[in-house]
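Participant:
Protein chains: 2
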Amino acid sequence: MVQSHHFGRARKSCIWSHINIDFARIFLLWFVIVFYALFGAAVFSALERPLELEAHCRWNRQLAEFVQDHQVPSEDLLELLRHYEKAIAAGIRIEARRPRWDFSGAFYFVATVASTIGFGMAAPATLNGKIFLIFYGLIGCAATILFFNLFLERVITLITFLTHRCRKQKQKTRLSKRHIATNMNTQPEHGDSQEDWKPSDYYVTLILATVVLLVNCGASGLYSAMEDWRYLESMYFCFVAFSTIGFGDMVSGQKAHYEAHWVYQIANSLMIILGVSCTYSLFSITAIIIKQMLNWILAKLLSLHCCRSQGCCSITTLKVKEPANQQIRNTSNHSGTCHVVKASLPSESKCKCASTAVETVCQSLDTANSCPSFELEIRDSYKLSKDDAEKEVFSAVSKNCHLSHHLSVQEEASAARHKH
Amino acid sequence: MVQSHHFGRARKSCIWSHINIDFARIFLLWFVIVFYALFGAAVFSALERPLELEAHCRWNRQLAEFVQDHQVPSEDLLELLRHYEKAIAAGIRIEARRPRWDFSGAFYFVATVASTIGFGMAAPATLNGKIFLIFYGLIGCAATILFFNLFLERVITLITFLTHRCRKQKQKTRLSKRHIATNMNTQPEHGDSQEDWKPSDYYVTLILATVVLLVNCGASGLYSAMEDWRYLESMYFCFVAFSTIGFGDMVSGQKAHYEAHWVYQIANSLMIILGVSCTYSLFSITAIIIKQMLNWILAKLLSLHCCRSQGCCSITTLKVKEPANQQIRNTSNHSGTCHVVKASLPSESKCKCASTAVETVCQSLDTANSCPSFELEIRDSYKLSKDDAEKEVFSAVSKNCHLSHHLSVQEEASAARHKH
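So the sequences go chain by chain: E and D. Here the first sequence is numbered in UniProt numbering, starting from 1 and rising by one per residue. Here the second sequence is numbered in UniProt numbering, starting from 1 and rising by one per residue.
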């Protein structure tokens, strides 16, 4: 167990220092989301409202013209349209569509349930179907979430492996260019081995974004060819489907007939599975970037309101309370990422300021330790979010050091590679 | 760095021992999902197909009757119906509905985008709207995923806090019942402190499932009163909305007029936010349970095909290769959850078999160490999934020990509590 003792009365009297950082972050995120939603609502309203009003006017005109031209009692016509609303809900359209509930249709439906896309081109109409869906979806969605997470893990492993290969290759090329005849060993030094090295969050995000873009472009090409959609519309469909939003305004594979029907259905399924998995990975990594931004904002707020005005970021003490007989247990159980790192403050080391590179928490801790004036508050945990929490506290109290973020999956990836 | 050396030729010749456990798990999960989908497709097809055929017959009859009764050219009628299809896509219905793209409508739409529910009651019809959606959704969905994860963290913190309180209360009651006058100290012993103790996965799942059920029941009550849906239909809507499937066959808050309109809209929003957050948490925890099951199946498969037939689970050696000067670095950086745990095999300790309790990995490791015949393979990582991986390897090679699973968030939760 590690405890932090704050020295400085100013710090103690500051309200900001007593904020629970976890709650502060979730509330900050909440406000960001609400403002983002207000902004989005304003934009969408401005973009879509005119077309909606136009559609209403057009439909009223078309209906009136039909009643006038064919002398049909409007009550009868409205009754027919009510029937048609129900028919549409059951998947009926004027242009023939494929059956909703034959086996392959039901399989497509089930896939949209488990992946939480939920296009809604088919939805259970019977009460039994609805009840079954609740129990079926409960397991299905959880299993798919697990699949996406395992996929993310594999993707990170692959990215780490490939980027490490590239890095090694570059190093080799650089060394051979220098023609250092004496240095025959072109292997990277120990600290550069794969289990030590991890690509940065931003690098992983960039690679994943590129992959998602490529999958989107490829899939859009397929859909625009097969569904007669415009390319940009296909891109929109791909995003809506792959992000599991699934409005259902455009759904692939719904025509009654396609050229090479089965080939297209299989390609469609594979595209959706690949797209959803990759997009989920991208969202997860982007979420980490957003978390870093929140941490940065919180740190700025804390340092602005607490430290600068009251000068509390001065002397630090890190006390490691570790009963001798508990050492192994604590190290193993709480995994004590940084427990055994003693509070040493080597003044000769430089502070990595506003670094964008992703490092492990304890590299961050080293960085923190090498910073001249800061305060440490370590939490006895070894999980990702606690790592972040540690980092936040570091960055909150250290005015100049923006400690970088640790990406758990990268660590895992290198470990997995090490095992192979 | 920890390396495992296998002794036993039989093991070396066994193909199963060379399987990458991470790939094995994802492929096993994949097959489970595919079979689950096939089963679901068969059930839904059986339940829904008759109603679909009936709906087709009914609509054809209604259309034919209308054409016959009113002597309308069927081409003209079909043209009107095509127009109506487009009008429906723009949110027009015979029974007046609320506007889709006024500010509050757009706000509801944006919320369904960010949460990935995507009911589809409104979807951008303009090309600009579609392009904006892609960029808007990219950030929005990632931010919401982060929000759900932070919410999950808070929920686990709360559950750990409450269950720990209950536990302490029970212990106190038990002690006071015994009337041990001499023992004045009714405080729980050291090992029972909150940062040591965590509720089991199953317990957390049970509590979360109860919370989700209560939220669902409450929300269903609200919707069945306000939307004139049957209670079971409301339950179905709640599940579909809260799981972010969002078919859009039933959407709350779409009537043009409600009693206490604004109160209902706010209640509706709060219900959806609470429901989605809780259901996401439940799915995440259920995913962990499913992962445990997969690990158990993999362990069984491995032990059946490798160990039993070839008797490889006999003598084990755990070599800890830890350069002295790297000790701190490794412990802190790779966090080496179990690196410093030496391979001691106390024969007097008993093996916890098929335990359902959730323990930390290193408690599991202790258990593994106390098992008489097993083989250890430790990976240098400290993250949840690696913990699991370690556990898998342990359980894969130890015939009788079903090592329990570690829930990262619980660890975090206790750490967060510790910080307060």
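Every residue gets a Cβ at the ideal spot worked out from N, C-alpha and C, and that includes glycine. The model shown is predicted, which means the values in this text are computed figures rather than measured ones.
From what residue to what residue does the alpha helix (DSSP H) around D:GLN292 run?
Facilitator: Here the alpha helix (DSSP H) through D:GLN292 covers 261-302.
Participant: Extract the residue ranges of the alpha helix (DSSP H) inside the region 96-170 of chain D, only unbroken runs of 4 or more that lie entirely within it.
Facilitator: Counting whole runs of 4 or more residues, the region 96-170 of chain D contains the alpha helix (DSSP H) stretches 103-114.
Participant: Using 8 angstroms as the threshold, is the C-beta distance between E:PHE107 and D:ALA37 below it?
Facilitator: Yes; because the gap between Cβ atoms is below 8 angstroms, this pair is in contact.
Participant: Roughly how many angstroms lie between the CA atoms of D:THR360 and D:VAL276, to the nearest whole one?
Facilitator: With a pLDDT of only 24 at D:THR360, under 50, the local geometry of the prediction cannot be trusted, and the value read off the model is given with reservation. Approximately 29 angstroms between the Cα atoms of the pair.
Participant: Let me know the secondary structure DSSP gives E:LYS198 once reduced to three states.
Facilitator: Residue state, collapsed to three classes: coil.
Participant: Using the DSSP secondary-structure output, state which residues sit across from D:LYS172 in a beta bridge.
Facilitator: Bridge partners of D:LYS172: none, in fact.
Participant: Rounded to whole angstroms, how far is the Cβ of D:GLY120 from the Cβ of E:GLY221, which I believe are closer than 8 angstroms?
Facilitator: Between E:GLY221 and D:GLY120 the Cβ distance is about 24 angstroms, and since that is not below 8 angstroms, they are no contact.
Participant: For D:LEU127 and D:ALA87, I'd like the C-alpha separation in whole angstroms.
Facilitator: Whole-angstrom Cα-Cα distance: 17 angstroms.
Participant: Give every residue of the same chain whose Cβ lies closer than 6 angstroms to the Cβ of D:THR116, excluding the five residues on either side of it in the sequence, and list them in chain order.
Facilitator: Only CYS141, THR244 meet the Cβ criterion.
Participant: Along the region 72-83 of chain D, what residues have a CB closer than 9 angstroms to any CB found in chain E?
Facilitator: Under the 9 angstroms Cβ criterion, the region 72-83 of chain D contributes VAL72, PRO73, ASP76, LEU77, LEU78, GLU79, LEU80, LEU81, ARG82, HIS83.
Participant: Indicate the three-state DSSP secondary structure (helix, strand or coil) for E:ASP366 in the structure shown.
Facilitator: With a pLDDT of only 32 at E:ASP366, under 50, the local geometry of the prediction cannot be trusted, and the value read off the model is given with reservation. The answer is helix: DSSP assigns E:ASP366 an H, G or I state.
Participant: For D:GLN292, count the other beta carbons within 10 Å of its own beta carbon; 16 or more makes it buried, fewer makes it exposed. Which is it?
Facilitator: D:GLN292 should be labelled buried.
Participant: Taking D:PRO50 as part of the alpha helix (DSSP H), name the residues at either end of that continuous run.
Facilitator: Segment 21-70, the alpha helix (DSSP H) holding D:PRO50.
Participant: Is the Cβ of residue 432 of chain E closer than 8 angstroms to any Cβ of chain D?
Facilitator: Not covered by the structure: residue 432 of chain E. The range shown for chain E is 1 to 420.
Participant: Taking 8 angstroms as the cut-off, does the region 244-257 of chain D touch the region 90-102 of chain D (at least 3 CB pairs, one atom from each stretch)?
Facilitator: With the cut-off at 8 angstroms, the region 90-102 of chain D and the region 244-257 of chain D touch.
Participant: Count the other CB atoms within 10 Å of the CB of E:ILE33; is the residue buried (16 or more) or exposed (fewer)?
Facilitator: Flag for E:ILE33 reads buried.
Participant: Taking Cβ-Cβ distances shorter than 7 angstroms, what residues in chain D pair up with E:ARG253?
Facilitator: It should be pointed out that residue 253 of chain E corresponds to Gly in this sequence rather than to Arg. Result: empty, since nearest Cβ-Cβ is about 15 angstroms, beyond 7 angstroms.
Participant: Does any C-beta atom of chain E lie closer than 8 angstroms to the C-beta of D:MET271?
Facilitator: Taking Cβ atoms only, chain E never reaches closer than 8 angstroms to D:MET271, which makes this a no.
Participant: Buried or exposed for E:ARG25, please, with buried defined as at least 16 other CB atoms from any protein chain shown within 10 angstroms of its CB.
Facilitator: With 16 or more other Cβ atoms within 10 Å, it is buried.
Participant: Can you list, in chain order, the residues of its chain whose CB lies under 8 angstroms from that of E:ASN20, leaving out five sequence neighbours each side?
Facilitator: Contacts found: none.
Participant: Taking the C-alpha atoms as reference points, what is the distance between D:VAL251 and E:LYS198?
Facilitator: Their backbone Cα atoms lie some 45 angstroms apart in a straight line.
Participant: Three or more C-beta pairs closer than 8 angstroms, one from the region 198-211 of chain D and one from the region 219-233 of chain D: is that the case here?
Facilitator: No, they do not touch.
Participant: Rounded to whole angstroms, how far is the Cβ of D:THR279 from the Cβ of D:VAL212, which I believe are closer than 8 angstroms?
Facilitator: Confirmed, about 6 angstroms.
Participant: Which same chain residues end up closer than 7 angstroms to D:THR112 when comparing Cβ atoms and leaving out the 5 residues on each side of it in sequence?
Facilitator: Counting only Cβ-Cβ distances below 7 angstroms, and skipping sequence neighbours, we find GLY118, PHE119, GLY246.
Participant: Is there a Cβ from chain E that is less than 8 angstroms from the Cβ of D:GLU227?
Facilitator: Cβ-Cβ to chain E under 8 angstroms: no for D:GLU227.
Participant: Is it right to say E:PHE27 is buried, meaning 16 or more other beta carbons lie within 10 angstroms of its own, or is it exposed?
Facilitator: Exposed, because fewer than 16 other Cβ atoms sit within 10 Å of the Cβ of E:PHE27.
Participant: Can you tell me the Cα-Cα spacing of residue 491 of chain E and E:PHE161, whole angstroms?
Facilitator: Outside the shown range of chain E, which is 1 to 420, sits residue 491 of chain E, and nothing can be said about it.
Participant: What are the residues in the region 126-148 of chain E lying within 8 angstroms of chain D by C-beta distance?
Facilitator: Answer set for the region 126-148 of chain E: THR126, LEU127, ASN128, GLY129, LYS130, ILE131, PHE132, LEU133, ILE134, TYR136, GLY137, LEU138, ILE139, GLY140, CYS141, ALA142, ALA143, THR144, ILE145, LEU146, PHE147.
Participant: Of all the CB atoms in chain E, is at least one closer than 8 angstroms to the CB of D:LEU47?
Facilitator: Yes, its Cβ sits closer than 8 angstroms to a Cβ of chain E.
Participant: Given that E:ASP201 touches chain D, what residues does it touch there, using C-beta distances under 8 angstroms?
Facilitator: The contacting residues do not exist; E:ASP201 stays about 13 angstroms from chain D at best.
Participant: Assuming D:HIS56 and E:ILE92 form a contact by the criterion Cβ under 8 angstroms, report the distance between their Cβ atoms to the nearest whole angstrom.
Facilitator: Their Cβ separation, rounded to whole angstroms, is 6 angstroms, which keeps D:HIS56 and E:ILE92 in contact under 8 angstroms.
Participant: Looking at the C-beta of D:GLY120, does it have a partner C-beta in chain E at a distance below 8 angstroms?
Facilitator: Taking Cβ atoms only, chain E reaches closer than 8 angstroms to D:GLY120, which makes this a yes.
Participant: Using a Cβ-Cβ cut-off of 8 angstroms, state whether residue 421 of chain D counts as contacting chain E.
Facilitator: Within the shown structure, residues of chain D are numbered from 1 to 420, placing residue 421 of chain D beyond reach of any answer.
Participant: Between D:ALA90 and chain E, is any beta-carbon pair separated by less than 8 angstroms?
Facilitator: Chain E contact via Cβ: present.
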